[in-house]
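These notes concern the structure reproduced below.
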DNA sequence: GCGGCTATGCCCAGAAATGGGCAATCCCGG
DNA sequence: CCGGGATTGCCCATTTCTGGGCATAGCCGC
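Chains as they are written, first to last, in the numbering used here: chain A, 774 to 1024; chain B, 774 to 1024.
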């Protein structure tokens, strides 16, 4: 593990960053030392009750940054979507191992390449309900990605995200609109695709009561429809992904 | 970092496990060396198109294991839910920092304590669309949790989950039911709580067409209702959490 | 070029969800 | 012991969704 000392050094440097400027400098140095040309760290905090906050530290070409922000491409960026699907870092060239790429996605990647961004490696961290972030390292088009440094990049990226999380403030969890047990059950079965009537049969109560539970649950979250109720419960951790997982695929 | 060598040793031991039995032995040893009494590793693979697979390796008391499996408590286990909300390991005593605890949740934790499981530390890893897993280390009731070992446990747990992932087979992603661009947009706005009519206004097309897109999207996933369509798209990475996040809180 | 897929538009009937009001019982905490 | 919340039950009117069928136009690949 000849890179161990480098990793340690870079990680220490980054975790010591107490301001965005220092994080930029540390990441810039780290990317350079690992053989990358570019880096970008994005961190978004949400949920919990307070307003969200976000951080973007990067040295991407202005041309690309302007396009990205100008057209609000973060909403469709396939790299970002893939980041929400991986627990480890991934190379951009393998992004279609994680998500299906639409025509528009390929176009976006092509434009990025034309703007001076070649292949890259992204370390994602996602916390449904709290925050989502990614730390990417990239090379110029046609440049070779330093494969032997991906392991180091994985650690450095994770440390950088932890640092960003500290900088942006972790915030404390506020249980906000905790649902009652019965409401939670109704939401859960609803997320599993059951109608109010089916849920009623399962729980052994009247359909009207299920409707009532869902109604109150919607009011707690101040949402008008079932879709959002389910998503809110999911984000809040009131129901889990695995609670639902087994129900939509096998059927 | 006096524990560094121990961590390295345990991690190496665990990552060398090529069978479930060896993983059990390695984890058993690791838990012991770190000062824990109990451990439990759960790993569930899903998505991608193939059948799911799961692994459960633990040395929890039989009494508790029987109750847990018998009553299918995994569906309500607050520790598991919290694991889906944290990117780092967490102590069970702090579980309410991550999710709201209902009365039933507290009851479940109480029963666990009565079955011989005290405080613990869980390392979660979650990949929407591929797998979810957790590796927990626990002590007997009234025993003190080895706080100085949590950092080691974090690494050991992550290594164990990676090993489990290898053992269970990673499988490859099959793009299965990729939605078209238009369908994706309709699903996205639907997830944001818009009705078909509203979505139509936003996209500048007829409401009937939006309905049609959503209809075909449902057929692709073979789901009968909008809730599940959205969840499927979410799990597949066709839409991202952050795509929806900004829409339900601020409104 | 032709078949397949995509996007667009429209119609209909039945099922489900939504929003509102009303009322009973039970249990927990102040 | 009383108030508030949780749970249960029912009614109504309106909106939305779902599943079916039908048709046109454009684009891409074989």
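Glycine included, each C-beta is placed from N, C-alpha and C at the ideal position.
1) Alpha carbons only, please: which of 896/B, 789/B, 1000/B, 888/B is nearest the one belonging to residue 816/B?
2) Output yes or no for whether 7 Å exceeds the beta carbon distance between residue 928/A and residue 780/A.
3) Suppose you measure from the CA of residue 919/A to the CA of residue 787/B; what does that come to, to the nearest Å?
4) Taking the alpha helix (DSSP H) that residue 1008/B falls in, what are its first and last residues?
5) Any C-beta of chain B sitting closer than 7 Å to the C-beta of residue 1001/A?
6) With a threshold of 6 Å on Cβ separation, who are the neighbours of residue 909/A within its own chain once the five nearest residues in sequence on each side are excluded?
7) My output table needs one value for residue 811/A: the three-state DSSP class, helix, strand or coil.
8) 7 Å is my cut-off, CB to CB: does residue 972/A come that close to chain B?
9) So, residue 828/A versus residue 937/A, is the Cβ gap smaller than 7 Å?
10) Taking residue 961/A as the reference, which of 834/B, 854/B, 807/B, 830/B has the closest Cα?
11) Taking only beta-carbon positions, decide if residue 875/A is within less than 7 Å of chain B.
12) Give the straight-line distance between the Cα atoms of residue 838/B and residue 864/B, rounded to the nearest whole angstrom.
13) Nearest chain B C-beta to residue 840/A closer than 7 Å, yes or no?
14) Given a threshold of 16 other Cβ atoms within 10 Å of its Cβ, counted over all protein chains shown, does residue 861/A qualify as buried or as exposed?
15) Would you mind stating whether residue 891/B and residue 916/B have Cβ atoms separated by less than 7 Å?
16) Please tell me whether residue 998/B has its Cβ less than 7 Å away from any Cβ of chain A.
17) Could you have a look at residue 1013/B and say whether DSSP puts it in helix, strand or coil?
18) How about residue 959/B and residue 987/B: do their beta carbons lie closer than 7 Å?
19) Would you tell me roughly how many angstroms separate the C-alpha atoms of residue 933/A and residue 898/A, rounded to the nearest one?
20) Which residues mark the beginning and the end of the beta strand (DSSP E) in which residue 830/B is found?
21) At the 7 Å Cβ level, is residue 801/B part of the contact set with chain A, yes or no?
22) For residue 883/A, is the classification buried or exposed, using 16 other Cβ atoms within 10 angstroms of its Cβ as the cut-off for buried?
23) State the start and end residues of the unbroken alpha helix (DSSP H) segment that holds residue 843/B.
24) Go to residue 856/B, then tell me how far its alpha helix (DSSP H) extends in each direction, as first and last residue.
25) Is residue 1017/A close to chain B, meaning its C-beta is less than 7 Å from at least one C-beta of that chain?
26) Select from 980/B, 1015/B, 906/B the residue whose C-alpha is nearest the C-alpha of residue 930/B.
27) Short of 8 Å in beta carbon distance, which residues of its chain neighbour residue 984/A, apart from the five on each side in sequence? Order them along the chain.
28) Locate the alpha helix (DSSP H) running through residue 931/B, then write down its first and last residues.
29) If residue 941/B and residue 818/B are in contact, beta carbons under 8 Å, what's the gap, nearest whole angstrom?
30) Who are the neighbours of residue 933/B on chain A, taking C-beta pairs under 7 Å?
31) Identify, in the order they occur along the chain, each residue of the same chain with its Cβ nearer than 7 Å to the Cβ of residue 978/B, setting aside the five sequence neighbours on each side.
32) Helix, strand or coil: how does DSSP classify residue 970/A here?
33) Using a C-beta to C-beta distance shorter than 8 Å, which residues of chain B count as neighbours of residue 1014/A?
34) Indicate the three-state DSSP secondary structure (helix, strand or coil) for residue 960/A in the structure shown.
35) Tell me whether residue 983/A sits in a helix, a strand or coil according to DSSP, three-state version.
36) Quick one: what does DSSP say residue 791/A is sitting in, helix, strand or coil?
Concretely, from the data shown:
1) For this step, residue 816/B is matched to residue 43 along the second chain. Out of 896/B, 789/B, 1000/B, 888/B, 896/B has the C-alpha closest to the C-alpha of residue 816/B.
2) Here residue 928/A corresponds to residue number 155 of the first chain, with the count starting at 1. Here residue 780/A corresponds to residue number 7 of the first chain, with the count starting at 1. For residue 928/A and residue 780/A, yes; Cβs fall inside 7 Å.
3) Position 146 of the first chain, counted from the start, is the residue given in the question as residue 919/A. Position 14 of the second chain, counted from the start, is the residue given in the question as residue 787/B. Near 28 Å, if we compare the C-alpha coordinates of residue 787/B and residue 919/A.
4) In the second chain, counting from the first residue as 1, residue 1008/B sits at position 235. 999-1009 is the span of the alpha helix (DSSP H), which, as asked, contains residue 1008/B.
5) Here the question's residue 1001/A lines up with position 228 in the first chain. Taking Cβ atoms only, chain B reaches closer than 7 Å to residue 1001/A, which makes this a yes.
6) In the first chain, the residue the question calls residue 909/A occupies position 136. Take residue 909/A, set aside five residues on each side of it, and the residues of its chain with a beta-carbon closer than 6 Å to its own are 813, 893, 895, in chain order.
7) To locate residue 811/A, count along the first chain from 1; it is residue 38. Three-state DSSP puts residue 811/A in a strand.
8) Counting from 1 along the first chain, the entry for residue 972/A is found at position 199. So no, residue 972/A is outside the interface.
9) Your numbering for residue 828/A matches position 55 in the first chain. Your numbering for residue 937/A matches position 164 in the first chain. For residue 828/A and residue 937/A, yes; Cβs fall inside 7 Å.
10) Translated into the one-based positions of the first chain, residue 961/A becomes position 188. Check the Cα spacing between residue 961/A and each of 834/B, 854/B, 807/B, 830/B: the tightest is with 854/B.
11) Taking the first chain and counting its residues from 1, one reaches residue 875/A at position 102. At a cut-off of 7 Å between C-beta atoms, residue 875/A counts as an interface residue with respect to chain B.
12) Sequence index remark: in the second chain, residue 838/B carries index 65 (1-based). Sequence index remark: in the second chain, residue 864/B carries index 91 (1-based). If I take the Cα positions, the gap works out to 20 Å.
13) Working through the first chain from its first residue, we reach residue 840/A at position 67. No, because no Cβ of chain B sits closer than 7 Å to the Cβ of residue 840/A.
14) As a working mapping, residue 861/A is identified with position 88 in the first chain. Residue environment for residue 861/A: exposed (fewer than 16 other C-beta atoms within 10 angstroms of its C-beta).
15) As a working mapping, residue 891/B is identified with position 118 in the second chain. As a working mapping, residue 916/B is identified with position 143 in the second chain. Contact flag set, yes.
16) Here residue 998/B refers to the residue found at position 225 when the second chain is read from its first residue. At a cut-off of 7 Å between beta carbons, residue 998/B contacts chain A.
17) Position 240 of the second chain, counting from 1, holds the residue named residue 1013/B. Residue 1013/B falls in the coil class under three-state DSSP.
18) The residue labelled residue 959/B in the question sits at position 186 within the second chain. The residue labelled residue 987/B in the question sits at position 214 within the second chain. The answer is yes: Cβ separation under 7 Å.
19) If you number the first chain from 1, residue 933/A lands on position 160. If you number the first chain from 1, residue 898/A lands on position 125. Distance between the alpha carbons of residue 933/A and residue 898/A: 11 Å.
20) If you number the second chain from 1, residue 830/B lands on position 57. From DSSP, the beta strand (DSSP E) with residue 830/B extends over 826-831.
21) The residue given as residue 801/B occupies position 28 in the second chain. No, residue 801/B lies away from the interface with chain A (no Cβ there is under 7 Å from its Cβ).
22) The residue given as residue 883/A occupies position 110 in the first chain. The residue in question, residue 883/A, is exposed, as its Cβ has fewer than 16 Cβ neighbours within 10 Å.
23) Your numbering for residue 843/B matches position 70 in the second chain. Here the alpha helix (DSSP H) through residue 843/B covers 835-843.
24) If you number the second chain from 1, residue 856/B lands on position 83. For residue 856/B, the enclosing alpha helix (DSSP H) starts and ends at 851-856.
25) Here residue 1017/A corresponds to residue number 244 of the first chain, with the count starting at 1. Answer yes: the Cβ-Cβ gap between residue 1017/A and chain B drops below 7 Å somewhere.
26) Position 157 of the second chain, counting from 1, holds the residue named residue 930/B. Cα-wise, what sits closest to residue 930/B is 906/B.
27) To locate residue 984/A, count along the first chain from 1; it is residue 211. Excluding five sequence positions before and after residue 984/A, the CB atoms of its chain that fall closer than 8 Å to its own CB belong to 969, given in chain order.
28) By 1-based counting over the second chain, the position of residue 931/B is 158. Run containing residue 931/B: 923-941, per the alpha helix (DSSP H) assignment.
29) As a first step, residue 941/B is located in the second chain; it is residue number 168 there, counting from the start. As a first step, residue 818/B is located in the second chain; it is residue number 45 there, counting from the start. The Cβ separation is near 5 Å, so the contact holds.
30) If you number the second chain from 1, residue 933/B lands on position 160. The contacting residues do not exist; residue 933/B stays about 13 Å from chain A at best.
31) Position 205 of the second chain, counted from the start, is the residue given in the question as residue 978/B. Nothing meets the Cβ criterion.
32) Here the question's residue 970/A lines up with position 197 in the first chain. The three-state secondary structure of residue 970/A, taken from DSSP, is helix.
33) The residue given as residue 1014/A occupies position 241 in the first chain. Think of a sphere of 8 Å around the beta carbon of residue 1014/A: the chain B residues whose beta carbon falls inside it are 857, 899, 901, 905, 1008, in chain order.
34) Taking the first chain and counting its residues from 1, the one referred to as residue 960/A is at position 187. DSSP places residue 960/A in helix when its eight states are reduced to three.
35) Residue numbering aside, residue 983/A sits at position 210 when the first chain is read from its first letter. In the structure shown, residue 983/A sits in a helix (DSSP, three-state: H, G or I).
36) Numbered from its first residue, the first chain carries residue 791/A at position 18. Residue 791/A falls in the coil class under three-state DSSP.
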